[in-house]
Each structure stands twice: as C-alpha cells, then as structure tokens.
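One structure below.
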Amino acid sequence: MAATCTWDESHARLHLAHPEAGEISIFPDTEPDTSVLLDWLSRIWPDELPRPTGLYRAADANLTDAPDPWISINSFESNNAMSQMVGNNLSIHRWRGNLWIAGLAPWEEKGWVGNEIRVGKAVLRVHCEITRCKATMANPDTGRRDVDTLGALQALGHQEFGVYAEVVHGGEIATGDSVEVAT
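Here the working numbering is used: the first residue of the sequence shown is 36, the next is one more, and so on.
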C-alpha cells in the first residue's frame, strides 16, 4: 500500500514510487519496461507470495474489489472508534474509501444497507457492508502490516468496515454536504 502510482495519459507513461524501492517511470506496453517493472516489484514483493511474471492489459472492466461499479462509503467516526480499539491513529487510507462521511455515530453507516441516501445532489443505493481483508492491516505509508484491524473488527462480531453503494442519480457532492437517509 505504500506505493504511489500516477498515469500520464498523453504519453502512456506510468510512474511508480515506494519508500523502499525508489521511483520508476515506464511505458507499460513495451517489453523492456515490463522487465524494469518486474525487477522493481521484486524489491518489495513479500517472500511468501508468488512473484509476478508478466504485465497484461486488462479488458475494459471495473478493477475494484466489487464486481459492480459501486463506490465505497466510510465514516470518520468508525475509523476513530477503530483507532481507539487498536491504540493506534489509523490513517483513513487503510480503508481505500471513495467517500468519507463525518458527523455519524460509529458504525451508523451499517444501518444504511437496503436504503437510498442523498449526499449533496447525488442519490446512492446502499447495497452491502464491505468485508475487509488483510490489506487493511498494512500501514499505507510503509506497506508493512502493523495493526490487527481484522482482529479488532472480529472482536466486534464482524469483519466489515464501510458500505458499498450504487449511484442511482449522479450529482455534485461537496465537502460539508449532509447525508439524508430515505425513509
């Protein structure tokens, strides 16, 4: 998770940076640069996992954790509750959220499943909670696992953080917009 990535659309160039592996810029569609990327990845790849062997262009598809084109909604208060549980100030980047909401009770968003919510001018249908994986245990700055987020969630009787929602009616969302749950 400590890696950062930027894509230069006009030049079809990918730039990657990591605190331990340094920085590279490549043209992913060229064989020499594929080898450069694989070498760069090998410096940070966990020993217990199979090594990448190639680079493949994906078909037009959603490259997300969910099979549908949903967005993830997380709560600052739920993150604060988790931080208190684990005794560590957890970065919101651990949860890879698309939309962060403030002003809720911790875990209030869990009750939105099956409902529509209005945020700014947008209407979203909340489909399900987000079951979390080991990636949330990694510090986003270092990429190293440093907090047992899954154990903390399991101590609460679940392994979910945040919810997935579908955009029903698109519209502008701005910082400070309220969230209204449809009744």
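All residues carry an ideal CB built from backbone N, CA and C; glycine is no exception.
Bear in mind that the values here come from a model prediction, so they are computed numbers and not experimental data.
Span of the alpha helix (DSSP H) around residue i
| i | result |
| --- | --- |
| N114 | 111 to 121 |
Cβ-Cβ separation, residue j to residue i (assumed contact under 8 Å), whole Å
| i | j | result |
| --- | --- | --- |
| I208 | V161 | 15 Å between Cβ atoms; not a contact. |
| V198 | V148 | 6 Å |
| I152 | A101 | Wrong, their Cβ atoms sit about 17 Å apart, outside the cutoff. |
| A94 | R78 | That pair is no contact at about 29 Å. |
Closest residue to residue i among the options (Cα-Cα distance)
| i | options | result |
| --- | --- | --- |
| G132 | N123, R86, K156, W105 | W105 |
| W80 | A187, H53, L139 | H53 |
| N115 | I136, R129, P141 | P141 |
| G122 | V182, E143, A137, T99 | V182 |
| S213 | A157, A173, R129 | A157 |
| E215 | M120, E143, L90 | E143 |
| D103 | A173, A200, G205 | A200 |
Own chain partners of residue i with C-beta closer than 8 Å, once the 5 adjacent residues on each side are dropped
| i | result |
| --- | --- |
| E195 | K145, E164, I165, T166, R167, L188 |
| T88 | L73 |
| D43 | L49, H50 |
| I127 | N109, F111, N114, W135 |
| G206 | G155, K156, A157, V158 |
Neighbourhood of residue i by C-beta distance below 7 Å, restricted to the same chain and skipping five residues each side
| i | result |
| --- | --- |
| N124 | S118 |
| D68 | I61, F62 |
| R47 | Rather than Arg, the amino acid found at residue 47 in this sequence is Ala. Taken in chain order, the residues that qualify are F62, D64. |
| L76 | P87 |
Limits of the beta strand (DSSP E) - the one that residue i falls within
| i | result |
| --- | --- |
| L125 | Per DSSP, L125 belongs to no beta strand (DSSP E) and is neither H nor E. |
| G186 | No beta strand (DSSP E) contains G186, which is instead part of the alpha helix (DSSP H) from 184 to 190. |
| T166 | 157 to 166 |
| E207 | Premise fails: E207 is in no beta strand (DSSP E) and is neither H nor E. |
Own chain residues within Cβ distance below 6 Å of residue i, not counting five before or after
| i | result |
| --- | --- |
| C40 | L51 |
Runs of beta strand (DSSP E) wholly within the stretch 38 to 112 (minimum 3 residues, chain order): 39 to 43, 48 to 53, 57 to 61, 106 to 110
Any beta strand (DSSP E) of 3 or more consecutive residues that is wholly inside the stretch 131 to 155: 134 to 136, 151 to 154
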